[in-house]
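Here is the structure we will look at.
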Amino acid sequence: MTRLGRLVTAAPPAWLAWGALAATLTWGLVGVPADRTMGDVFRILYLHVPVAWLGFLALFVTMVASGLYLWRRDLRFDRLAAASAEIGLLFVGLTIITGSIWGKATWGVWWDFDPRLTTTAILFVIYLGYVLLRASLVDRTRRARLSAVLGIVGFADVPIVHFSVLWWRGLHQPPTVIRPGDPTIDHRFLAVLVANVLAFTVLYIWLLHRRVAVEADRDAAEAILEAAG
């Protein structure tokens, strides 16, 4: 647990997490010109893309921590998986909301059963099920074991979401940053985008630290109740 523990215990202060996010989002709103084609609506990119990437990162952490729990049977890994899954669910939800706003401005509709949108919605439902599963189980060991299996299996949808724009024809644009060759996005916009991704990463680590602490308190309370009963 040493390396993962360092990630959680060495959390940034709240002022840094929220301050960095405010600064980079402000930079995206007023610090760069509007896109020549889409205008100011393009600026939602600086929120939409970072929350999507961080949602994937959070669910990746859940998958890894779930695998480590099944291997080591250490509840600290279960707490990390649960905390990261909840944050990932929040970020995936924000991805869908911001994507719908962008879709309304560019496609004229709030929702379309585009492959990228549909697979992202499925991802949200999977990890909503993960959270509900944990809430429905009282036994800590059974809850951790079943949640770990779902946390691993559910992650299979993440690469499907990522490659959906390449595998199937839809409204969503193909990758502009993570692609072979030079990114197609203007490098001024790319700098702001990267800054926002880093700011959201700091926020994710801070949120993860706080949520793991809550899970630790919950496990301690459940252990006391089990001992008393």
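Using the numbering used here, read the sequence shown as starting at 124 and increasing by one per residue. The beta carbon of each residue, even a glycine, is placed where N, CA and C say it ideally should be. Since the model is a prediction, treat every value here as computed from it, not as a measurement.
Helix or strand or just coil, what does DSSP make of residue i?
i, result
"residue 162", "strand"
"residue 156", "coil"
"residue 125", "Residue placement at residue 125 is poorly supported in this model, since its pLDDT is 49, which falls under 50; the coordinates still yield a value, given next. Reduced to three states, the DSSP call for residue 125 is helix."
"residue 146", "helix"
"residue 136", "coil"
"residue 222", "helix"
"residue 280", "helix"
"residue 199", "helix"
"residue 291", "coil"
"residue 182", "helix"
"residue 231", "coil"
"residue 260", "coil"
Can you check whether the CB of residue j is closer than 8 Å to the CB of residue i?
i, j, result
"residue 251", "residue 211", "no"
"residue 166", "residue 142", "no"
"residue 221", "residue 285", "no"
"residue 312", "residue 174", "no"
"residue 201", "residue 270", "yes"
"residue 184", "residue 238", "no"
"residue 164", "residue 228", "yes"
"residue 293", "residue 189", "no"
"residue 263", "residue 197", "no"
"residue 318", "residue 147", "yes"
"residue 214", "residue 177", "yes"
"residue 240", "residue 234", "yes"
"residue 316", "residue 193", "no"
In the DSSP assignment, find the unbroken alpha helix (DSSP H) run with residue i in it and report its ends.
i, result
"residue 236", "Careful: residue 236 lies outside any alpha helix (DSSP H) and carries neither H nor E."
"residue 295", "Run containing residue 295: none; DSSP gives neither H nor E here."
"residue 340", "310-351"
"residue 268", "263-277"
State the CB to CB distance for the pair residue i and residue j, rounded to an integer number of angstroms; the pair is presumed to be in contact (CB under 8 Å).
i, j, result
"residue 326", "residue 180", "That belief does not hold up - the Cβ atoms of residue 326 and residue 180 are roughly 12 Å apart, past 8 Å."
"residue 209", "residue 272", "Wrong, their Cβ atoms sit about 18 Å apart, outside the cutoff."
"residue 328", "residue 134", "6 Å"
"residue 266", "residue 257", "6 Å"
Answer with yes or no whether the minimum CB distance from residue i to chain D is below 8 Å.
i, result
"residue 292", "Here there is only one protein chain, and chain D is not present."
For the segment 268-281 and the segment 242-249, state whether three or more C-beta atom pairs, one from each stretch, are separated by less than 8 Å.
Yes, since at least three Cβ pairs between the segment 268-281 and the segment 242-249 fall closer than 8 Å, the two stretches touch.
Validate contact between the segment 190-207 and the segment 331-351 using beta carbons, cut 8 Å, 3 pairs
The segment 190-207, when compared against the segment 331-351, does touch it at the 8 Å Cβ threshold.
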